[in-house]
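Here is the structure we will look at.
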Amino acid sequence: HTPGVDGVNKTMLQARLAVELQILRDELLSGHYQPLPARRVYIPKSNGKLRPLGIPALRDRIVQRAMLMAMEPIWESDFHTLSYGFRPERSVHHAIRTVKLQLTDCGETRGRWVIEGDLSSYFDTVHHRLLMKAVRRRISDARFMTLLWKTIKAGHIDVGLFRAASEGVPQGGVISPLLSNIMLNEFDQYLHERYLSGKARKDRWYWNNSIQRGRSTAVRENWQWKPAVAYCRYADDFVLIVKGTKAQAEAIREECRGVLEGSLKLRLNMDKTKITHVNDGFIFLGHRIIRKRSRYGEMRVVSTIPQEKARNFAASLTALLSGNYSESKVDMAEQLNRKLKGWAMFYKFVDFKAKVFSYIDRVVFWKLAHWLARKYRTGIASLMRWWCKPPKPGVSEEGVLFGKTNH
């Protein structure tokens, strides 16, 4: 509901929705529709940097939603099954589960090297001509393609200055996630043909079997063992799991770099595209995935909450409870509950989460207690007697905060 550069918000648009839709319809039919530049805003990232977002005007969001409704069914039938980002009925949890299964296929967990793919400023570096070429393979309607070209070329307003769009799709646009998937679908299909398809797996099996059996051709031509490869992608984050040597993993990373930079004009950040053994663990989509030994001596792949993520979340809760003393205590509790529920839902399927959740629970309890003590200028013991109902014996371990909201 955030307004774009025209300043029109949802309430203002709803007041004359029928008229605006008719104007929009006439402009689209006549070919005179011209999207407004997006409004550039910046939001903080977990690493302290700022992420640029492009907020389109509401009327442009309506058009983009209609375009998305037309394009998504077409492309959903084309997208690779191992692509999970910004797709219906798919989530981060599905991607994490897939990676864990890939690391334990057939119960075999030896020799797994993980390539952690990291694209530099992906949304800002999408090549417009290559994107249009990819879309044109499935959509031939000239008027629709013209509309799409206008949309990606609309540019943005940053600090009052117009900036034309020579490349990239704005993060924040309704259609941008689909366009980003269309672009990287080329990479998915390359890896499928090279390593993941039934034919590729069959050829690899024959090659390796020939080496194992010492066939004359393999011996004469000095064939080298080919590694098995698994793949998973969520938007611009991807992992490649290589069952082979680290040198083979490095060769595959260079191959991926060549495809991304040569064919798609995207930049693979080689400093962040690490190669890690699964025993050392790696971070994917905010989860730490590692192979650990269970209490029964068996090696198994688990996903855990990274320590840095837990610390950063605790710091955000502390920041929320530092000041804001004019806020109602119940309103503050509701804000905390929303943040806690979202964070807990994101990590609900990880292993060994009890210790981390207990740590967050302690942080919230004592920071909230100190916030209430400062707000009411009293001691913690006194406010517990005033504002908390005593817990029922054997049912609850904590008291219950009660009161009225400011709203």
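Residue numbers (full-length UniProt numbering): 1 to 407.
Glycine is no exception: its CB is placed at the ideal position from the N, C-alpha and C atoms.
Any beta strand (DSSP E) of 3 or more consecutive residues that is wholly inside the stretch 17-54:
38-44
Could you tell me if residue 96 is buried or exposed, where buried requires 16 or more neighbouring beta carbons within 10 angstroms of its beta carbon?
Against the sequence shown, residue 96 aligns to sequence position 96. Under this definition residue 96 is a buried residue.
Any 3 or more C-beta pairs closer than 8 Å across the stretch 115-131 and the stretch 253-272
Contact between the stretch 115-131 and the stretch 253-272 is present: three or more C-beta pairs spanning the two stretches fall below 8 Å.
Relative to the alpha-carbon of residue 144, which residue among 31, 380 and 356 has its alpha-carbon at the smallest distance?
Start at 1 with the first residue of the sequence shown, and residue 144 comes out as number 144. Of 31, 380 and 356, the residue nearest in Cα terms is 31.
So if DSSP puts residue 268 in a beta bridge, which residue, or which two residues, is it bridged to?
Position 268 of the sequence shown, counted from the first residue, corresponds to residue 268. 119.
Confirm, please, whether the CB-CB distance from residue 227 to residue 243 is below 9 Å.
Taking the sequence shown and counting its residues from 1, the one referred to as residue 243 is at position 243. Taking the sequence shown and counting its residues from 1, the one referred to as residue 227 is at position 227. Result yes, Cβ atoms of residue 243 and residue 227 sit closer than 9 Å.
Just verifying my parser: in three-state terms, what is the DSSP assignment at residue 226?
Residue 226 sits at position 226 when you count from the first residue of the sequence shown. In the structure shown, residue 226 sits in coil (DSSP, three-state: anything other than H, G, I, E or B).
Counting only the same chain and skipping the five closest in sequence on each side, list residues whose C-beta sits under 6 Å from that of residue 84.
Counting from 1 along the sequence shown, the entry for residue 84 is found at position 84. Counting only Cβ-Cβ distances below 6 Å, and skipping sequence neighbours, we find 90, 94, 95 and 234.
Residue span of the alpha helix (DSSP H) that contains residue 100, given as start and end
Taking the sequence shown and counting its residues from 1, one reaches residue 100 at position 100. That run of the alpha helix (DSSP H) goes 92-103.
Restricting to runs no shorter than 4 residues, where is the alpha helix (DSSP H) found entirely within the stretch 329-399?
With a minimum length of 4 residues, the continuous alpha helix (DSSP H) runs that stay inside the stretch 329-399 are 329-346, 354-376 and 380-387.
So what's residue 79 in DSSP terms, helix, strand or just coil?
Working through the sequence shown from its first residue, we reach residue 79 at position 79. It is coil, neither helix nor strand.
Complete alpha helix (DSSP H) runs within the stretch 137-209 (minimum length 4 residues, chain order):
142-152 and 176-191
Near residue 319, which residues of its chain fall below 8 Å by C-beta distance, leaving aside the five closest residues on each side in sequence?
Reading the sequence shown from its first residue, position 319 is the one you call residue 319. Result list for residue 319: empty, nothing under 8 Å.
Taking the CB atoms as reference points, tell me whether residue 67 and residue 151 lie closer together than 9 Å.
Start at 1 with the first residue of the sequence shown, and residue 67 comes out as number 67. Start at 1 with the first residue of the sequence shown, and residue 151 comes out as number 151. For the pair residue 67 and residue 151, the CB atoms are nearer than the 9 Å cut-off.
Does the contact criterion of 3 or more C-beta pairs under 8 Å hold for the stretch 243-259 versus the stretch 125-132?
In short, these stretches do not touch, since the Cβ pair count stays below three.
Please report the Cβ distance between residue 347 and residue 353, rounded to the nearest whole angstrom; I am assuming they are in contact, meaning their Cβ atoms lie under 8 Å.
Numbered from its first residue, the sequence shown carries residue 347 at position 347. Numbered from its first residue, the sequence shown carries residue 353 at position 353. Sure, about 6 Å apart at Cβ, within 8 Å.
Report the partner residues of residue 290 according to the DSSP bridge assignment.
Along the sequence shown, read from residue 1 onward, the residue named residue 290 stands at position 290. Residue pairing from DSSP places residue 290 in a beta bridge opposite 302.
Taking the alpha-carbon of residue 191 as reference, which of 40, 156, 206 and 241 has the nearest alpha-carbon?
Taking the first residue of the sequence shown as position 1, residue 191 is located at position 191. It is 241.
As assigned by DSSP and simplified to three states, the class of residue 125:
Here residue 125 is taken as the residue at index 125 of the sequence shown, counted from 1. Note: residue 125 maps to coil in three-state DSSP.
For residue 131, name the three-state secondary structure that DSSP assigns.
Translated into positions along the sequence shown, residue 131 becomes position 131. Residue 131 falls in the helix class under three-state DSSP.
Pull the bridge partners of residue 211 from the DSSP assignment, please.
As a working mapping, residue 211 is identified with position 211 in the sequence shown. Note: residue 211 sits in no beta bridge, so no partner.
How would you call residue 365, buried or exposed, if buried means at least 16 neighbouring beta carbons within 10 angstroms?
Taking the sequence shown and counting its residues from 1, the one referred to as residue 365 is at position 365. With fewer than 16 Cβ atoms within 10 Å of its Cβ, residue 365 is classed as exposed.
In DSSP terms, what residue 408 is bridged to:
Lying outside 1 to 407, the shown extent of the chain, residue 408 is not represented and no answer is given.
Should residue 97 be flagged as near chain D, meaning a C-beta pair shorter than 9 Å?
The structure shown contains no chain D; it holds only a single protein chain.
Is it right to say residue 205 is buried, meaning 16 or more other beta carbons lie within 10 angstroms of its own, or is it exposed?
Here the question's residue 205 lines up with position 205 in the sequence shown. So residue 205 ends up on the exposed side.
Measuring CB atoms only, is the stretch 167-180 touching the stretch 40-54, in the sense that at least three cross pairs come out at less than 8 Å?
Segments in contact, yes.
Quick one: give me the first and last residue of the beta strand (DSSP E) that residue 11 is part of.
Looking up residue 11 in the sequence shown gives position 11. Taken as a continuous stretch (DSSP letters only), residue 11 belongs to no beta strand (DSSP E), being part of the alpha helix (DSSP H) at 10-15.
Going by alpha carbons, who is nearest to residue 188 out of 159, 163 and 260?
On the sequence shown, residue 188 is found 188 positions in, with the first residue counted as 1. Of the listed residues, the one whose Cα sits closest to residue 188 is 260.
Expressed to the nearest angstrom, what Euclidean distance is found between the alpha-carbon atoms of residue 194 and residue 50?
Numbered from 1 along the sequence shown, position 194 holds the residue referred to as residue 194. Numbered from 1 along the sequence shown, position 50 holds the residue referred to as residue 50. For residue 194 and residue 50, the distance between alpha carbons rounds to 37 Å.
Where do the N-terminal and C-terminal ends of the alpha helix (DSSP H) with residue 246 fall, by residue?
Position 246 of the sequence shown holds residue 246. Unbroken alpha helix (DSSP H) run through residue 246: 246-258.
What residue range is occupied by the uninterrupted beta strand (DSSP E) comprising residue 236?
In the sequence shown, the residue the question calls residue 236 occupies position 236. That residue, residue 236, is in no beta strand (DSSP E); it is neither H nor E in DSSP.
Could you say which of 297, 113, 371 and 368 lies nearest to residue 231 if we only look at CA atoms?
By one-based count along the sequence shown, residue 231 stands at place 231. The candidate whose alpha carbon is nearest that of residue 231 is 113.
Can you have a look at residue 313 and say buried or exposed, based on whether 16 or more other CB atoms are within 10 angstroms of its CB?
Here residue 313 is taken as the residue at index 313 of the sequence shown, counted from 1. By the neighbour-count rule (16 or more Cβ atoms within 10 Å), residue 313 is buried.
Is the Cβ-Cβ distance between residue 292 and residue 317 less than 9 Å?
By 1-based counting over the sequence shown, the position of residue 292 is 292. By 1-based counting over the sequence shown, the position of residue 317 is 317. Their beta carbons are not under 9 Å apart, which means residue 292 does not touch residue 317 by this criterion.
Taking the beta carbon of residue 297 as the centre, do at least 16 other beta carbons fall within 10 Å, making it buried, or is it exposed?
Locating residue 297 in the sequence shown gives position 297, where the first residue counts as 1. Residue 297 should be labelled exposed.
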